[in-house]
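What follows is a short report on a single structure.
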Amino acid sequence: MAHSEASRRGWFWLQMAIGWAPMWVLFTLMIMNVHDYALGRSAWMALRMIASAAVLGIGVHALTRRFPWPAPFRWQFPLVHMLAASLYAGSWIAAYSLIESVLRWRLAYLPGPGFSRFALTGIWLYVTITAVAYAQQAAQRSALAQAAAARAQLAALQSQLHPHFLFNALHTVVQLIPLDPATAARAAEQLAQLLRTALDERRDLVTLAEEWRFVQRYLAIEQLRFGDRLRVEATLPDEALDMLAPSFALQTLVENAVRHGAAPKVGPTVLDIRAGIVDGRLQLVVRDDGVGADTGAMAQSGGTGLRRLRERLACLYGAGATLEIDAGKGGVTATLSLPVTHGEDEHD
């Protein structure tokens, strides 16, 4: 905790130094031009000016947070800053005079033209500081708004994904009722567990172990429907199960393989599910030897589930995640590649 606080303070002062460095260079050049001083003397004099301006600038930043940019505009806003600018300029002159008095061991002051020039410079510094502060606040508000919009979009996509997936699972149960009521009853129990998990899950990212347990429940329903026509082979090492993945991502790939690969096929279908760390990324591969599909059409949309999965990936990772669909007559292979993110979960 103490180390974190020290790091934040160090980062704050580093940002201060970087932010004020251009102003120090500008003041050095101005002093060299006006007084014809050498570079070293000008830089030292400019440093004393900038140091006091920067310390006082901390208070200006606090003031801008206390009085954020108004919308709608209020008449008190310019009045507050006019008074604050005058106070800042006077305080800066006093601080610089104090520094000079201490260094010279005698009272230093700025008479006549010197005082006026410093006062105008102090007001200019105040305006610059407030402009930068309000620009930073605007950028922060924009970033927060974008993050909120992304979260809202993710929530909307996830809420759309649940009905789509649950409708398909319910359709499986309905198909079983006239054929095998006992099996349909077991499928309904499995569906109830799936429904409970789907409705309770509000996280964008879950460990692959959690996602895999959910997929296993889904496959249990589908295997009740298909019987020997659906065979599942899975290879998910522990190192992959500890990683984070978007919730319902693997389920979407598996459901797509079952519905578009196994369901239309008369004979048995093998569903191969693999996960691993490849080139420093989490890779999920779902392959079926079903009826296959047209590669172009599949990559273009891939159905509602895959389309919404692509949209969620874009929200969560930007260009950092890829979903590739390789479709043909011999089946379909879906490959999802994600940045490695460690999670915490006790998997079985």
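FYI, the numbering for the sequence shown is 1 to 348, going by full-length UniProt numbering.
Even glycine gets a Cβ: it sits at the ideal position worked out from N, Cα and C.
8 Å CB neighbourhood of residue i in its chain, flanking five on each side removed
| i | result |
| --- | --- |
| Glu211 | Ala245, Ser247, Phe248, Ala249, Leu250 and Gln251 |
| Ile93 | Leu110, Phe115, Phe118, Ala119 and Gly122 |
Residue range of the beta strand (DSSP E) that includes residue i
| i | result |
| --- | --- |
| Ser247 | That residue, Ser247, is in no beta strand (DSSP E); it is neither H nor E in DSSP. |
Residue i to residue j span [Cα, whole Å]
| i | j | result |
| --- | --- | --- |
| Gln15 | Ala192 | 54 Å |
| Arg312 | Thr341 | 17 Å |
| Leu194 | Arg274 | 22 Å |
| Trp69 | Tyr134 | 7 Å |
| Phe226 | Thr183 | 11 Å |
| Ala62 | Leu316 | 33 Å |
| Met32 | His81 | 31 Å |
| Leu253 | Thr335 | 9 Å |
| His260 | Asp279 | 30 Å |
| Pro22 | Ile99 | 22 Å |
| Gly296 | Gly305 | Note that Gly296 scores 49 on pLDDT, short of 50, meaning its location in the model is unreliable and no value can be drawn from it. |
| Ala169 | Pro268 | 20 Å |
| Trp20 | Trp124 | 14 Å |
| Thr235 | Gln146 | 38 Å |
| Lys265 | Gly276 | 29 Å |
| Gly343 | Phe214 | 17 Å |
| Ala257 | Asp326 | 12 Å |
Bridge partner(s) assigned by DSSP for residue i
| i | result |
| --- | --- |
| Arg231 | Val270 |
| Pro339 | Arg281 |
| Ala334 | Val286 and Ile325 |
| Asp205 | Note that residue 205 is Leu in the sequence shown, not Asp. Its beta-bridge partners are Pro246. |
Contact set for residue i: own chain, Cβ-Cβ below 6 Å, skip 5 residues either direction
| i | result |
| --- | --- |
| Lys329 | Gly292 |
| Ala43 | Thr28 |
| Val270 | Arg231 and Asp289 |
| Arg48 | Ile99 |
| Val206 | Ser247 |
Own chain residues within Cβ distance below 7 Å of residue i, not counting five before or after
| i | result |
| --- | --- |
| Arg310 | Leu323 |
| Arg217 | Gln190, Gln193 and Leu194 |
| Tyr88 | Leu56, Val60, Gly122 and Tyr126 |
Extent of the continuous alpha helix (DSSP H) run through residue i
| i | result |
| --- | --- |
| Leu208 | Leu208 to Phe226 |
| Met82 | Gln76 to Arg104 |
| Met49 | Leu39 to Arg66 |
| Leu241 | Asp238 to Leu241 |
4 or more residues per run - each alpha helix (DSSP H) lying fully within the region 263 to 324: 295 to 300 and 303 to 317
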